[in-house]
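Participant: As they're listed, the protein sequences go chains A and B. First residue of the first sequence? That's 1 in the numbering used here, and the numbers climb one at a time after it. First residue of the second sequence? That's 209 in the numbering used here, and the numbers climb one at a time after it. For glycine and all other residues, C-beta sits at the position ideal for the given N, C-alpha and C.
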Amino acid sequence: MVIVKRKELSLLERLYVPEIARGLSITFRKMFEKKITRQYPEEPLPKTEVTRGQPRLVVKDDGNIACVSCGLCEAACPAYAITIDGGETDRPIEREPKRFDIDMLRCILCGFCEEACPKDAIFMSDELELADYSREMLVYDMEKLKRPAAAMRKRIEYVHKINDRWRSAPRPPMLADQHGAHGHAPSASTAGSHASSPTAAAQKPHAG
Amino acid sequence: MQTFEYAPGLVPPRAKTTDGDDPLHGELLKLNMGPQHPATHGVLRIKVELDGETIVRIEPEVGYLHRGKEKTCESLGWRKFFVHTDRLDYVQPLMNNIGYALALEALGGVKVPERAQIIRVLLCEMSRIGSHLIYLATTGIDLGAITMFFFCFKQRETLYELLDAYTGHRMNNTYVRIGGVYADVDERVQDAIEAWIDQFPAAVDEFEKMLTGNRIWYDRNYRIGAITKEEALAWSLNGPNLRGAGVELDLRKAQPYSGYERYEFEVAVGTVGDCYDRYLVRVEEMRQSARIVKQALKLLKETKGAEFLAEDRRYVLPPKDLVRSSMEELIHQFKIVTDMALPKGCAYHGIESSKGELGFFVASDGTSTPLRCHIRAPGLMNVQAIPMVSMGRLFSDMVSLIGSLDFVMGEVDR
Ligand code: SF4
Ligand code: SF4
């Protein structure tokens, strides 16, 4: 326990005028320090792979999105921003979204959709600015949401890195047992899947 | 000075004026402070009745920012409610995340890995510093010390940049999950935090140089709104307000969570319990928090590469690479996202937030729909103390009183 020390003002401090002079001396000293103000719109803030901007659908190198319209992102979204209508497709993934809308006015950029998606189809971009002339224009449909994987590579790699846990460390016994029982080789199943393009590589066996 | 007993609704007898020119003819002046008053720190409405400049009747009114958070939890489910905890006390979102996660972990019986606990302590203390900086800045600006606002916000800006570098957001971070945290604090961020925390105590000294012996600050805080120990306990005050009154109660020491018992720090306690003491306690807490941050950074270096999220398939999403390769993990992923249920029962967990005891009471009937989530907001108790401390004082003291009680309406109204 530390009892805070209360101060009794000295005569000099009571007099007030010397204190003004002291205060002004601080002000003058500060004038020559480095300025930290940023001129925001002209001088954009630094964006890194950690930045969680608006969610985007990743277009893989073969021109398709990986989404199978499973609806998990829709279920994970705490803001009810996502609307998905699924349908069938001739591609090997069998299902794809016919409609995929994200209401950017509802979206709170939490990243739960990215965390939930089992197909690595949706990722947070670094696009943060949001302005338009009507509410309708801010409900983004599939075409507006698509972004090439190349533009999102850094973020994709970052998310994979977060999820790298348990890979380097020895796998906990419970998990190892489960995998043993199901005939999976835990290390072989994931080895090399992030070599160059994580999304493309991970999807290859299914999407072809 | 004349003082009045606090009795809600009772207008004390007014000293009769013999002055025939009294334009009010002995009536009291009714005044509305807020809900949009900048000095009420949010949307708090205070109805005051003034006799001259003396407050004779006062009634704080809360609820202008009520968004039904507790009910929202019942409809959203446990997982999705995390984003709403950010928006309770919005100057310390990560601390709220942690409080909520701890309550869920208590109910679910989840063991949090060591590194996650260290990261949580780090985030808690950084949030505490951020919250106290806001207190200093806004109370300073309310009492005319505009320089304080800029000094504090300079520090806070760096703090938010660090949080941005770690979580990707400046506010409303949502980076805590049941069983740990979403991502590890990487070395680049650790170094940046270290650089910031190394210069921080000097900045606190500067704040103190500006305020502690400043006559205006002194006159407007010293012996203003003194709360005795007994009063503080009777009104269930908490946090720096309680400690300022001389009660040594800090949940980090009294019932340590997240491994707080490992850290060396002191609980700052005041003697008189006035605004000045509360200010000193908060300044001291910033110094102590800086100490804890340094120790946490050291521990982070020692536990490099360890788990930061528990291995628990009931509540924690499986790693993505396993989801892609194993049907069973995929089912876990679906189950947790859409339909996560906590075991039947209830649990309460309180943490020492920057405002006091922030507690979450969660009750589950075993299904994925929460039965009840109650939030014990420390700010509400602090708002309740406004009539007690301001009765019989000058109206201009209200500003320092409200500032020094330090509440955030997002949490009070929830
Ligand atoms: S984006 Fe992912 S989670 Fe959402 S529907 Fe498509 S595959 Fe499912
Ligand atoms: S970022 Fe959050 S709010 Fe936005 S669409 Fe994804 S889950 Fe919904």
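List the residues of chain B that A/Ala149 touches, going by C-beta distances under 9 Å, in chain order.
Facilitator: For this step, residue 149 of chain A is matched to residue 149 along the first sequence. The premise fails here: A/Ala149 is roughly 16 Å from chain B at the closest Cβ pair, so nothing lies under 9 Å.
Participant: Under the criterion of a Cβ to heavy atom distance below 7 Å, does A/Cys107 qualify as lining ligand 1?
Facilitator: Position 107 of the first sequence, counted from the first residue, corresponds to residue 107 of chain A. Checking the Cβ of A/Cys107 against ligand 1 gives no.
Participant: First and last residue of the alpha helix (DSSP H) that includes A/His160?
Facilitator: The residue given as residue 160 of chain A occupies position 160 in the first sequence. First-last of the alpha helix (DSSP H) with A/His160: 149-162.
Participant: Could you name the residues that DSSP lists as bridge partners for B/Thr262?
Facilitator: Here the question's residue 262 of chain B lines up with position 54 in the second sequence. Answer by DSSP bridge pairing, in chain order: B/Asp259, B/Leu602.
Participant: How far does the beta strand (DSSP E) with A/Asp85 in it extend, from its first residue to its last?
Facilitator: Counting from 1 along the first sequence, the entry for residue 85 of chain A is found at position 85. From DSSP, the beta strand (DSSP E) with A/Asp85 extends over 82-88.
Participant: Would you say the segment 109-124 of chain A touches the segment 55-63 of chain A, given that touching needs at least three Cβ pairs under 8 Å?
Facilitator: Yes: the two stretches touch, three or more of their Cβ pairs being nearer than 8 Å.
Participant: Is B/Gly711 helix, strand or coil when you go by DSSP?
Facilitator: The question about residue 711 of chain B has no answer, for chain B in this structure spans 209 to 622.
Participant: Could you check whether the Cβ of A/Arg14 sits closer than 8 Å to any Cβ belonging to chain B?
Facilitator: Here residue 14 of chain A refers to the residue found at position 14 when the first sequence is read from its first residue. True, the Cβ-Cβ gap to chain B drops below 8 Å.
Participant: Could you tell me whether the Cβ atoms of B/Gly388 and B/Pro321 are closer together than 8 Å?
Facilitator: Along the second sequence, one-based indexing puts residue 388 of chain B at 180. Along the second sequence, one-based indexing puts residue 321 of chain B at 113. Yes, they are a contact pair.
Participant: Counting only the same chain and skipping the five closest in sequence on each side, list residues whose C-beta sits under 6 Å from that of B/Ser335.
Facilitator: For the purposes of this step, residue 335 of chain B is taken as residue 127 along the second sequence, with counting starting at 1. If we look at B/Ser335 and ignore the five residues flanking it on each side, its Cβ neighbours are Gln300, Leu302, Met303.
Participant: Would B/Leu310 and B/Ile559 qualify as a contact pair, given that the criterion is a beta-carbon distance under 8 Å?
Facilitator: In the second sequence, residue 310 of chain B corresponds to position 102, counting from 1. In the second sequence, residue 559 of chain B corresponds to position 351, counting from 1. Yes.
Participant: I need the DSSP call for B/Cys281, collapsed to helix, strand or coil.
Facilitator: Taking the second sequence and counting its residues from 1, one reaches residue 281 of chain B at position 73. Three-state DSSP puts B/Cys281 in a helix.
Participant: Assign A/Leu12 to buried or exposed, taking buried as 16 or more other Cβ atoms, counted over all protein chains shown, within 10 Å of its Cβ.
Facilitator: For this step, residue 12 of chain A is matched to residue 12 along the first sequence. Classification of A/Leu12: exposed, given that the 10 Å Cβ count is below 16.
Participant: Is the CB-CB distance between B/Val501 and B/Ile405 below 8 Å?
Facilitator: Walking along the second sequence from the start, residue 501 of chain B turns up at place 293. Walking along the second sequence from the start, residue 405 of chain B turns up at place 197. Contact flag set, yes.
Participant: Whose CA, out of B/Met596, B/Leu602, B/Ile544, lies closest to the CA of B/Gly285?
Facilitator: Here residue 285 of chain B refers to the residue found at position 77 when the second sequence is read from its first residue. Looking at the Cα atoms, B/Ile544 is the closest of the given residues.
Participant: Of all the options A/Met124, A/Met137, A/Ile84, A/Pro92, which has the alpha carbon lying nearest to the alpha carbon of A/Leu105?
Facilitator: Taking the first residue of the first sequence as position 1, residue 105 of chain A is located at position 105. It is A/Met137.
Participant: Mind pulling the beta strand (DSSP E) runs of 3 or more residues that sit fully within the segment 343-411 of chain B?
Facilitator: List check, beta strand (DSSP E) in window: nothing returned.
Participant: Whose beta carbon lies closer than 6 Å to any heavy atom of ligand 1, going through the chain in order?
Facilitator: Counting every residue whose Cβ lies closer than 6 Å to a heavy atom of ligand 1, we get A/Cys67, A/Val68, A/Ser69, A/Cys70, A/Gly71, A/Leu72, A/Cys73, A/Ile84, A/Ala116, A/Cys117, A/Lys119, A/Ala121, A/Ile122.
Participant: Examine ligand 2 and report whether any of its heavy atoms sits within less than 7 Å of the Cβ of B/Ala391.
Facilitator: Within the second sequence, numbered from 1, the residue matching residue 391 of chain B stands at position 183. No, Cβ of B/Ala391 sits at least 7 Å from all heavy atoms of ligand 2.
Participant: So what's B/Gly567 in DSSP terms, helix, strand or just coil?
Facilitator: Sequence index remark: in the second sequence, residue 567 of chain B carries index 359 (1-based). Correct three-state label for B/Gly567: strand.
Participant: If you measure beta-carbon to beta-carbon, which residues of the segment 376-404 of chain B are closer than 8 Å to chain A?
Facilitator: Within the segment 376-404 of chain B, the residues whose Cβ lies closer than 8 Å to some Cβ of chain A are Gly376, His377, Asn380, Thr382, Tyr390, Ala391, Asp392, listed in chain order.
Participant: Select from the segment 443-456 of chain B all residues with a C-beta closer than 7 Å to any C-beta belonging to chain A, and list them in chain order.
Facilitator: Answer in chain order: Glu456.
Participant: Residues of chain B with CB under 9 Å from A/Val17, in chain order?
Facilitator: In the first sequence, counting from the first residue as 1, residue 17 of chain A sits at position 17. The contacting residues do not exist; A/Val17 stays about 10 Å from chain B at best.
Participant: If we cut at 8 Å on Cβ distances, does B/Thr546 have a partner in chain A?
Facilitator: Stepping through the second sequence from its first residue, residue 546 of chain B is reached at position 338. Taking Cβ atoms only, chain A reaches closer than 8 Å to B/Thr546, which makes this a yes.
Participant: On the criterion of 16 or more Cβ atoms from any shown chain inside 10 Å, does B/Thr436 qualify as buried, or is it exposed?
Facilitator: Here residue 436 of chain B corresponds to residue number 228 of the second sequence, with the count starting at 1. B/Thr436 should be labelled exposed.
Participant: For B/Gly452, which three-state DSSP category applies?
Facilitator: Looking up residue 452 of chain B in the second sequence gives position 244. Three-state DSSP puts B/Gly452 in a helix.
Participant: If we ignore side chains and look at the alpha-carbon of each, how far apart do A/Asp177 and B/Leu488 end up?
Facilitator: Locating residue 177 of chain A in the first sequence gives position 177, counting from the first residue. Locating residue 488 of chain B in the second sequence gives position 280, counting from the first residue. Bear in mind that the predicted position of A/Asp177 carries a pLDDT of just 43, short of 50, making it unreliable; the figure below should be weighed with that in mind. C-alpha separation (whole angstroms): 56 Å.
Participant: Does ligand 2 have even one heavy atom less than 7 Å from the beta-carbon of B/Ile544?
Facilitator: Translated into positions along the second sequence, residue 544 of chain B becomes position 336. No.
Participant: Tell me, to the nearest whole angstrom, how far the beta carbon of B/Gln407 is from that of B/Leu505; I am working on the premise that it is less than 8 Å.
Facilitator: As a first step, residue 407 of chain B must be located in the second sequence, where it is residue number 199. As a first step, residue 505 of chain B must be located in the second sequence, where it is residue number 297. Actually they do not touch by this definition, with Cβ atoms about 14 Å apart.
Participant: Could you spell out the range, first to last residue, of the beta strand (DSSP E) harbouring A/Val58?
Facilitator: In the first sequence, residue 58 of chain A corresponds to position 58, counting from 1. Counting along the chain, the beta strand (DSSP E) containing A/Val58 begins and ends at 55-59.
Participant: Taking CB distances under 8 Å as the criterion, tell me whether A/Ser187 reaches chain B.
Facilitator: By one-based count along the first sequence, residue 187 of chain A stands at place 187. Here A/Ser187 scores only 40 on pLDDT, less than 50, and its place in the model should not be relied on; the value that follows carries that caveat. No - not a single Cβ of chain B is within 8 Å of the one on A/Ser187.
Participant: Tell me whether the beta-carbon of B/Asn590 lies closer than 8 Å to the beta-carbon of B/Phe615.
Facilitator: By 1-based counting over the second sequence, the position of residue 590 of chain B is 382. By 1-based counting over the second sequence, the position of residue 615 of chain B is 407. Yes, these two residues count as a Cβ contact at 8 Å.
Participant: To the nearest whole angstrom, what separates the beta carbons of A/Cys282 and B/Thr382, a pair I think is in contact under 8 Å?
Facilitator: It is not possible to answer for residue 282 of chain A, since the shown part of chain A is limited to 1 through 208.
Participant: Find the residues of chain B that neighbour A/Arg52, judging by a C-beta separation of less than 7 Å, and give them in chain order.
Facilitator: What you label residue 52 of chain A is simply residue 52 of the first sequence in a count that begins at 1. Here the neighbours are Gly376, His377.
Participant: Which chain A residues are close to B/Ile478, counting only those with a beta carbon under 9 Å from its beta carbon?
Facilitator: The count along the second sequence starts at 1 and reaches residue 478 of chain B at position 270. The question names Ile, but residue 478 of chain B in the sequence shown is Gly. By Cβ distance, chain A contributes Ile3, Val4, Arg6.
Participant: Run through chain A and tell me which residues come within less than 8 Å of B/Gln541, C-beta to C-beta.
Facilitator: Residue numbering aside, residue 541 of chain B sits at position 333 when the second sequence is read from its first letter. What B/Gln541 touches in chain A: Leu72, Ala116, Pro118.
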